[in-house]
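Numbering (numbering that gives the first Met the number 0), first residue to last: 0 to 355.
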Amino acid sequence: MKKLLAILLVLAVASMAFAGGGGQQGGASSGGVTRGMNRKIVMGYSQIGAESEWRTACTNSVQAAAKEWNIDLRFSDAQQQQQNQLQAIRTFIQQKVDIIAFTPVVETGWEAILKECLDAGIPTICVDRSIEGSDRKAANPNDMTDPDNWFTCFIGSDMEQEGNRVAKWMTANVPKLKPGKSVYNIAELQGTVGSSAMTGRFKGFRDTLGIPAATALGTSSDGKYKIILSQTGDFTRAQGKQVMEAFLKSNPNDIDVLFAHNDDMAIGAIQAIQEAGKVPAKDIIIIGVDAVKGAFEAMVAGTMNASIECNPLLGPQVMETAVKILNKQAVEKWVVSNESDYDQTNAAAAFPSRQY
Ligand code: GZL
């Protein structure tokens, strides 16, 4: 009888261990375990800030997904300062987190900190924006001069393709919206200077038009589109409005098209256009990027013409990829986001189901 009781006791303890996900204490770890893991993992995330609707949607997606996956998220808002990002990542290393995700505010200045993560044995996920010299393709793992080996994988959009999509929408629609012109003058509101979102959209737009990517101003190879103004609005509504006011002062009647690298700057520019007594989306055709709520409201109201989607809902992909990495499963060097294009022909129908 005593032997039988001892065997039953051992079996009872063993079943508790498996029921708790097999953690060291047999499921006794606080807060349960991360989905797909046998313990609760800790992620450090260095986010740029809260400069736009897009950024807020991205942050909300990451925080919601961390809860969904039961991941302990250490979140840092850098308020647009790279120095704050570097400090946050150093802190995450000191805290010995399991994995670090970061959105580089600009493309340069990441080699040292990412090598500190490598030395600490902490994998890193580059989210949304990328770093200089990275083409986000798997590289020779022994070549540490290749930035693609400084981080584990990149999750985000193809920014050059977004610039290409803007140019394609413009050349397909502007002649119909403003017929009878031989040359269309373009004003461009650039995003944060040196960010991969800005450099990608800047280059993709020009490549598609046949304008050398190194030049801010220039004329398309077919002679129909001429970039006459190009300046940064740093992805914010306030600066988008300020720069558009200056554009309208220097060129009151020359601008046919506004290409804004994000919708927030386009929305600021719309206010400047209205205050200058012009009709947005008619006198000046307005194309943004992101496809945030404010852009859908403007397209439905008829004050904005189009927005090229850049998907901020990256949270689920970030958490799923983090678990794969920590489970030593193979991950793509670039996990690409899926996106569409919206304009006044499809915005009203799509708006109700938008998540941001
Ligand atoms: C793009 C993202 C950009 C958005 C802006 O992936 O980095 O930053 O287009 C945001 O709205 O500020």
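Built from N, CA and C at the ideal position, the CB exists for glycine as well. Since this is a predicted model, take the numbers as computed values, not measurements.
When rounded, the separation of the alpha-carbon atoms in D262 and F101 is 23 angstroms. Looking at the DSSP output, F258 bridges to E187, I286. In this chain, the beta strand (DSSP E) harbouring S306 covers 305-308.
The secondary-structure analysis by DSSP pairs G43 across a beta bridge with R73, I99.
C152 has its alpha-carbon roughly 15 angstroms from the corresponding atom of G43. Under DSSP, D340 takes part in a beta bridge, and its partners are I307.
The way I'd put it, the segment 150-170 does touch the segment 115-126; three or more beta-carbon pairs between them come closer than 8 angstroms.
Bridge partners of F153 according to DSSP: C125, W333.
The criterion of a C-beta distance shorter than 7 angstroms is satisfied by T302 and A280. Judged by beta-carbon spacing, I283 lies beyond the 7 angstroms limit of E161, meaning their Cβ atoms are not closer than that value. Taking 7 angstroms as the cut-off, the beta carbon of Q84 is found closer than this to the beta carbon of S45. Taken atom to atom, the span from the alpha-carbon of T218 to that of P178 is near 19 angstroms. Counted as a single uninterrupted DSSP element, the alpha helix (DSSP H) harbouring S195 occupies residues 195-208. Burial state of M143 is exposed, judged by a 10 Å Cβ sphere holding fewer than 16 other Cβ atoms. Of the candidates H260, P351, V256, P351 places its Cα closest to the Cα of F295. Taking all protein chains in view, the Cβ of S60 is crowded by 16 or more other Cβ atoms within 10 Å, so the residue is classified as buried. With a beta-carbon spacing of about 12 angstroms, S194 and C309 fall beyond the 8 angstroms limit used to define contacts. As a beta-bridge residue in DSSP terms, T231 pairs with Q189.
Around the beta carbon of K175, fewer than 16 other beta carbons lie within 10 angstroms, which makes this residue exposed. Take the alpha-carbon of S220 and the one of D206: they are about 10 angstroms apart. Between the alpha carbons of L247 and F234 lies a gap of roughly 19 angstroms. DSSP, reduced to helix, strand and coil, places P279 within a strand of the structure shown. Between the alpha carbons of F258 and M36 lies a distance of about 45 angstroms.
Its chain contains M42, G43, Y44, S45, I88, F91, I92, C116, I121, P122, T123, I124 as the residues whose beta carbon lies nearer than 8 angstroms to that of I99, once the 5 sequence neighbours on both sides are disregarded; these appear in chain order. Burial check for P211: the Cβ neighbour count within 10 Å stays below 16, so the residue is exposed.
Beta-bridge partners of T218 (DSSP): K225.
Annotation for K292: the continuous alpha helix (DSSP H) segment containing it runs 292-300.
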